[in-house]
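Engineer:
In the working numbering, the protein residues as written are 12 to 203.
#1: Count the other CB atoms, across all protein chains shown, that sit within 10 Å of the CB of residue 187; report buried if there are 16 or more and exposed otherwise.
#2: What is the DSSP secondary structure of residue 188, reduced to helix, strand or coil?
#3: Roughly how many whole angstroms lie between the Cα atoms of residue 168 and residue 136?
#4: Between the Cα of residue 99 and the Cα atoms of 153, 138, 90 and 49, which residue gives the shortest distance?
#5: Answer yes or no: do residue 90 and residue 128 have a C-beta to C-beta separation smaller than 8 Å?
#6: Cutting at 6 Å between CB atoms, please list the residues of its own chain near residue 43, excluding the five before and the five after it.
#7: If you run the structure through DSSP and keep just helix, strand and coil, what is residue 96?
#8: Give a yes or no on whether the C-beta atoms belonging to residue 134 and residue 95 are separated by under 8 Å.
#9: Whose C-beta lies closer than 6 Å to the C-beta of residue 145 among residues of the same chain, with five residues either side of it excluded?
#10: With hydrogens ignored, establish whether the beta-carbon of residue 59 is closer than 7 Å to any heavy atom of the ligand GTP.
#11: Tell me which same chain residues have a C-beta within less than 7 Å of the C-beta of residue 124, skipping the five on either side of it?
#12: What does the Cβ neighbour count give for residue 113, buried or exposed, with the cut at 16 atoms within 10 Å?
#13: Three-state secondary structure (DSSP) at residue 128?
#14: Here's the rule I'm using: 16 or more other beta-carbon atoms within 10 Å means buried, otherwise exposed. How should residue 52 be labelled?
#15: Name the residue from 111, 126, 132 and 161 whose alpha carbon lies nearest to the alpha carbon of residue 181.
#16: Is residue 60 helix, strand or coil when you go by DSSP?
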């Protein structure tokens with residue numbers, strides 16, 4: 012089956028930042044289920060699902076919220092639901108989403124998002140939203156298709172490479188902001 016050019020380009024943008032599939036616990040990996048059910052938790056070196064069965068994380072990275080764009084890359088070309096469904100169809104069970112403290116504290120509103128893709132409406136429920144609200148929609152929809160999300164506080168200021176000082180805080184975003192932002196996201200996504 013040949014994918015439409017726009018979808019192929021979007022997949023390329025998303026997949027070029029693919030993280031290596033993570034295997035935690037060599038003994039648990041071979042017996043681990045790829046998907047797992049319900050909430051995941053840890054016990055020793057194992058990740059277990061809600062039925063205490065070992066889970067293997069098969070993860071992919073979807074970058075963008077940490078960049079100066081302040082939104083997931085690929086949304087300029089494709090609907091986020093299509094991207095997440097494709098990730099699921101390709102066998103992944105987890106999406107790692109890097110973000111910046113800047114995006115959490117001052118979410119962008121002039122976002123590079125298309126509202127028309129593949130000869131039809133796309134991302135229509137994202138119109139008028141800021142970056143944090145777009146993240147809400149992505150996390151919620153990921154859950155509806157059975158994908159887990161790992162949030163990664165990747166940078167302090169939005170930027171297109173590693174944080175210059177190599178630390179989790181900067182002068183503009185001190186460690187107290189880092190802690191407060193994690194607390195805010197934990198409260199925001201509690202129960203999700």
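The beta-carbon is built from N, C-alpha and C at its ideal position, and this holds for glycine as well.
In this text the structure is predicted, and so the values were computed from the model without any measurement.
Structural biologist: The answer reads as follows:
#1: Here the question's residue 187 lines up with position 176 in the chain shown. When all chains shown are included, residue 187 counts as exposed.
#2: Along the chain shown, read from residue 1 onward, the residue named residue 188 stands at position 177. Helix, per DSSP.
#3: Taking the first residue of the chain shown as position 1, residue 168 is located at position 157. Taking the first residue of the chain shown as position 1, residue 136 is located at position 125. So the alpha carbons of these two residues sit roughly 27 Å apart.
#4: Numbered from 1 along the chain shown, position 88 holds the residue referred to as residue 99. For residue 99, the nearest C-alpha among the options comes from 153.
#5: The residue you call residue 90 lines up with position 79 of the chain shown. The residue you call residue 128 lines up with position 117 of the chain shown. Yes.
#6: Position 32 of the chain shown, counted from the start, is the residue given in the question as residue 43. Any answer about residue 43 is weak, because its pLDDT of 47 lies below 50 and its placement is not dependable; what the coordinates show is given next. Here the set comprises 65, 66 and 67.
#7: Working through the chain shown from its first residue, we reach residue 96 at position 85. If DSSP states are grouped into helix, strand and coil, residue 96 belongs with the helices.
#8: Position 123 of the chain shown holds residue 134. Position 84 of the chain shown holds residue 95. Going by C-beta atoms, residue 134 is not nearer than 8 Å to residue 95.
#9: On the chain shown, position 134 is the one that residue 145 refers to. Closer than 6 Å at Cβ, skipping near neighbours: 82 and 137.
#10: You won't find the ligand GTP in this model; it holds no ligand whatsoever.
#11: Against the chain shown, residue 124 aligns to sequence position 113. Contacts found: 82, 86, 87, 134 and 137.
#12: Indexing the chain shown from 1 puts residue 113 at position 102. Buried: at least 16 other Cβ atoms inside 10 Å.
#13: Within the chain shown, residue 128 is the residue found at index 117, counting from 1. In the structure shown, residue 128 sits in a strand (DSSP, three-state: E or B).
#14: Counting from 1 along the chain shown, the entry for residue 52 is found at position 41. So residue 52 counts as exposed.
#15: By 1-based counting over the chain shown, the position of residue 181 is 170. Ranking the options by Cα distance to residue 181, first place goes to 111.
#16: Position 49 of the chain shown, counted from the start, is the residue given in the question as residue 60. If DSSP states are grouped into helix, strand and coil, residue 60 belongs with coil.
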